[in-house]
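Asks: Next up is a structure, given as structure tokens.
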Amino acid sequence: MPRHSRLAAQAVAVLLAIVAIAIVPGVIELFALMQLTLFAAMAVLALSLAFIWGFGGILSFGQTAFFGLGGYAYAVAAINFQDSTPAILLAIVIPALFAAILGYFIFFGRISDVYLGVITLTVTLILFNSVNSTSGDAYKIGTALLGGFNGMPSVPTFNMPFDPSTVLSPEQSWWTTAYVLLGVFLLLRLLLALPAGRIIVAVRENEVRASLLGYDPRLVKCLTFILGGAIAGLAGALYVNWGAFVSPTIFSLSLSAEIIIWITVGGLGTLLGPIIGCVVIEYIVAYIGSQQLLNSNLVLGAVLVVFVLLLPKGLVPTARDLVMRLIPEQKPKTDGPSVQSAAAPHPAGAE
């Protein structure tokens, strides 16, 4: 497909997404709208790992560490300020700072990828146990009680910017969450299309070659890790806004495993795939939970095995390959006889 046709198709897709998000509250009931709001919030979390893993080559088993930090930062700030605007900002900044500190020791310490996964997983466990043991009146930040294993109930939800008296309705919360998801998706697409995004992918492909070109793979990976942590923190704020509640289970290892399943099902190395995988898996889990017929963890394990064995690329890459096979390849038109046709055959790989 020509470049201008591809850009036009992408612009049409974005416009359709904007319109669909706007009209959804008018065509579905409130319960379904609340479910979609949750799915959109979790899809932002899926994008955070899809970006650093699929394009940066950084497999973090503890992405829920930044997700949980963002959720707790939002809850504490919203209770103290009674305004969601600074709380959202802190939910992004605090996980990003934590990712910067952790990433500095990991990447500049030249820790291998295997140990990176172990370290991020261990950090998640430490945060879970630390927050879980903060019950009692002594554990509070300002006026916000951390609550320990009971969590923090009655967290103020989103309000209009710098206007705490105007709290967003469920429909407005859906629009906010869905448009944030669309915005994060488009920003990551734009970043990957820029030279900075190509550097990120180049470091993933071959760190030695990237360093020979003058780039510092450690710095590139650290910055990628920080951006992923900031997006995960934003997802944590969206999640807490959805339920007006946060507890230590936000750091759970089961959720960390679910994120990897979302990306595996949707397709590693894509941004749209993890969103689709997240929505599909979360819908399946919600449906199983309402029916109480099967164990959701058992179903998730079966889904992961099936996709790894039968569709290792994931839904989106497989569908893309299928479409490319169905669309006939267009040969370039020539006004006259080709010069190359009279010459020797063109060597493979020279183009």
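Those letters in the sequence shown? Residues 1096 to 1446, per my numbering, in order. Every residue gets a Cβ at the ideal spot worked out from N, C-alpha and C, and that includes glycine.
I believe Ala1135 touches Ala1273 by the beta-carbon criterion, under 8 Å. Please report the beta-carbon distance rounded to the nearest angstrom.
Replies: Walking along the sequence shown from the start, residue 1135 turns up at place 40. Walking along the sequence shown from the start, residue 1273 turns up at place 178. Confirmed, about 5 Å.
Asks: Check this for me: beta carbons of Val1360 and Leu1410, under 8 Å apart or not?
Replies: In the sequence shown, the residue the question calls residue 1360 occupies position 265. In the sequence shown, the residue the question calls residue 1410 occupies position 315. Their beta carbons are under 8 Å apart, which means Val1360 touches Leu1410 by this criterion.
Asks: For the segment 1291–1352, list the beta strand (DSSP E) runs that are entirely contained and at least 3 residues long, ordered along the chain.
Replies: Whole beta strand (DSSP E) segments, 3+ residues: zero.
Asks: List in chain order: all unbroken alpha helix (DSSP H) runs of 4+ residues lying wholly within the segment 1166–1235.
Replies: Counting only runs of 4 or more, we get 1179–1202 and 1208–1227.
Asks: Is the closest heavy atom of the ligand MG to the C-beta of Gly1328 under 7 Å?
Replies: The ligand MG is absent from the structure shown, which contains no ligand whatsoever.
Asks: Going by CA-CA distance only, name the one from Val1341, Gly1396, Leu1281 and Leu1348 that's closest to Leu1142.
Replies: What you label residue 1142 is simply residue 47 of the sequence shown in a count that begins at 1. For the residues Val1341, Gly1396, Leu1281 and Leu1348, the minimum Cα distance to Leu1142 belongs to Leu1281.
Asks: Over the uninterrupted alpha helix (DSSP H) stretch that includes Val1403, give me the two end residues.
Replies: Within the sequence shown, numbered from 1, the residue matching residue 1403 stands at position 308. Ser1391 to Leu1405 is the span of the alpha helix (DSSP H), which, as asked, contains Val1403.
Asks: Going by DSSP, which residues form a beta bridge with Val1262?
Replies: Taking the sequence shown and counting its residues from 1, the one referred to as residue 1262 is at position 167. Paired residue(s): Asn1254.
Asks: With respect to the alpha helix (DSSP H) encompassing Phe1156, which residues constitute its N-terminal and C-terminal limits?
Replies: Walking along the sequence shown from the start, residue 1156 turns up at place 61. That residue, Phe1156, is in no alpha helix (DSSP H); it is neither H nor E in DSSP.
Asks: Roughly how far, in whole angstroms, is the beta-carbon of Pro1343 from the beta-carbon of Asn1227, given that I think they are within contact range, below 8 Å?
Replies: Taking the first residue of the sequence shown as 1, we reach residue 1343 at position 248. Taking the first residue of the sequence shown as 1, we reach residue 1227 at position 132. At roughly 4 Å, the Cβ-Cβ gap stays under 8 Å, so Pro1343 and Asn1227 are in contact.
Asks: Report yes if the C-beta distance between Met1137 and Glu1300 is below 8 Å; otherwise report no.
Replies: The sequence position of residue 1137 within the sequence shown is 42, counting from 1. The sequence position of residue 1300 within the sequence shown is 205, counting from 1. Cβ atoms of Met1137 and Glu1300: not closer than 8 Å.
Asks: Taking all protein chains shown into account, decide if Glu1353 is buried (16 or more other Cβ within 10 angstroms of its Cβ) or exposed.
Replies: In the sequence shown, the residue the question calls residue 1353 occupies position 258. Under this definition Glu1353 is a buried residue.
Asks: Just to confirm the assignment, what range does the alpha helix (DSSP H) spanning Ile1471 have?
Replies: Because residue 1471 is not part of the residues shown, which for the chain are 1096 to 1446, the question remains open.
Asks: Would you mind working out which of Cys1317, Thr1229, Val1279 and Gly1364 sits nearest Met1247, comparing C-alpha positions?
Replies: Counted from its first residue, the sequence shown places residue 1247 at position 152. Checked all of Cys1317, Thr1229, Val1279 and Gly1364; the closest Cα to Met1247 is Thr1229.
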